[in-house]
Structures are given as structure tokens and as C-alpha cells.
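Going letter by letter, the sequence shown gives residues 16 to 250 in the numbering used here. Cβ atoms here follow ideal geometry from the backbone N, Cα and C, with glycine treated the same way. Reviewing the structure listed below.
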Amino acid sequence: MVKEALKIWMDLPADIRSKILRNVWCGQCMTAVTMCDYNAKFDGGVVVLRGFCSVCGHKVARVLEGCNEKPKKARKRALEYYIFNVWLYSDRDCSDDKRIIRKIRIPGTKSLYNFARIITKAFGFYFDHCFGFYDTLKDRKNCKKAYELFVDIGEEPTGGATKGVKKVKVSRAFENIGEKMIFLFDYGDGWQFNVKLEEIRNAENWDLKPVILKNIGEAPLQYPPCEDEIEENET
Ligand SMILES: [Zn+2]
């Protein structure tokens, strides 16, 4: 804290600093004096210089107006785009050459809820079911990472350490390039989308809209006609 206050003080231009030091009220001398042997500290959120009157040695202090501990407006951080490959397998063996892929770009500041919406849109699905993001589905109770809409809507989550999807940002859920999660959409039909963070890129423009960058392969129908019905019609 002392260091930070000192830094704020030292960041002021030298002529301003010397002007301030030469213009400190001394209660003993009853006039403005020069302060010496001072230090800078935060006091009630502002930087205060405390030292001694160079004339009489009495304690003096000076508040630095406008030098707050926290700048009122946090500096706008550079916007980062998270580029994902999201895919479904079109065969049971899950072979890589039979992936149906959508490449999606989304700002890291967007929520997982927004991410889920663009994924379903990219595959032509309705955004009409509950969903979650999981690091694994093999042992759902022991997921290291799990985010479910259930948490946001006040329903019982399926695992222990489950977080919601509306407040968690993409950049929080995906920390490293190459990180994979499974996006489970519709707990009834159980669509499993594989989601992999491919790249983090600085945005050139301040464009917050998620974008589908690439479509590879034809997406399956979310609601294909029922097989039984087809068979019955054929016989
Ligand atoms: Zn004095």
C-alpha cells in the first residue's frame, strides 16, 4: 500500500511535486512552508503526504486531491476473441474425418449461456433445452469443471461442484488453448458437442457479436422424423 501510494506520488510530474511540497500548511508557523522527510500513504482512499515543516520541524501533512487509490474508470482492457472448433461426430466410431465442425468466434467476456446459444444456432438447432458444459461425461459426479443452466434457474445441478452458465465468462471456463469441454445439450436427447479452444486473438474492432467463421459438414436434424413411423409407413 505504501509502495503504491508512493508510486502515484512519484508518477506526478516533478515540477508539480515540488510545487506541492513547497506549499504545505504548517499549524505552528501559521503559513505555507516546505515539507521535508515525508512519506506517502493511503488514508481514506486518497494519497496523503506526511512529513515535517522545514522551518520549525512541526508535523505537517498534505492530501493529494484527485489521487485515488482506485481509478474511477478502470482502463478498458483489450478485447480478446476466443476461437473454437465445435463438432459432432457423424459416425459411431467418432473418427476425426467424419466430424461436423463449426468454427466459432466469441469474445472472452461473453457468458457460457451466450456461447451455448451460438453453438445451437451454428448447427441449426433450436435453443430450447437445458444444457451444460463438462470437462468429462464419463464420471459426471467428479467433473473438475461443470457449468449447468440448472444452477441459474434454481434447479438441482447434476453434480457437486457445478457452477451456472449465465455469470461465468468464456474466458473463465476456458483457460488454456487446446482445452476441451463437452457441451451437453438436451438431457433427454443428449446431444454431445465437443468444444475445443483453438486460439485466442486480440480483437481489431470492438465487435462483441459471436460469429460462425466456418461450416464443415452438414448438421444433423435436431428433430428427425421418428424411425418407427417411417418403418410403419413402409410396411
Ligand atoms: Zn513550521
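Residue i versus the options, residue with shortest Cα-Cα distance
i	options	result
tyrosine 238	Thr173, Lys56, Gly203	Gly203
isoleucine 121	Arg132, Phe67, Asp112	Arg132
lysine 224	Arg32, Ile119, Gly72	Ile119
isoleucine 115	Ile98, Ala137, Tyr96	Ala137
tyrosine 104	Ile197, Ala76, Ala218	Ile197
phenylalanine 200	Gly175, Phe208, Ala93	Phe208
glutamate 190	Glu214, Trp221, Asn54, Leu64	Glu214
glutamate 95	Lys182, Trp102, Lys125, Glu80	Lys125
phenylalanine 57	Ile231, Arg77, Asn38, Gly42	Arg77
CB contact check: residue i to chain B, cutoff 9 angstroms
i	result
valine 183	Among the chains of the structure shown, chain B does not appear; only one protein chain is present.
Checklist entry - Listed in chain order, which residues are found with a beta carbon closer than 6 angstroms to a heavy atom of ligand 1? => result Cys41, Gln43, Cys44, Val48, Cys68, Val70, Cys71, His73
Checklist entry - At which residue ranges does the segment 127-194 contain complete alpha helix (DSSP H) runs of 4 or more residues, listed in the order of the chain? => result 127-137, 164-167, 185-188
Checklist entry - In chain order, which beta strand (DSSP E) runs of at least 3 residues are fully inside the segment 35-67? => result 39-41, 46-48, 50-58
Next on the checklist: Does the contact criterion of 3 or more C-beta pairs under 8 angstroms hold for the segment 69-81 versus the segment 44-53?
Outcome noted: yes
Next on the checklist: My parser needs the beta strand (DSSP E) runs of 3 or more residues fully inside the segment 207-234; what are they?
Outcome noted: 226-231
Checklist entry - When the Cβ atoms of the segment 164-179 are set against those of the segment 143-151, are three or more pairs found closer than 8 angstroms? => result yes
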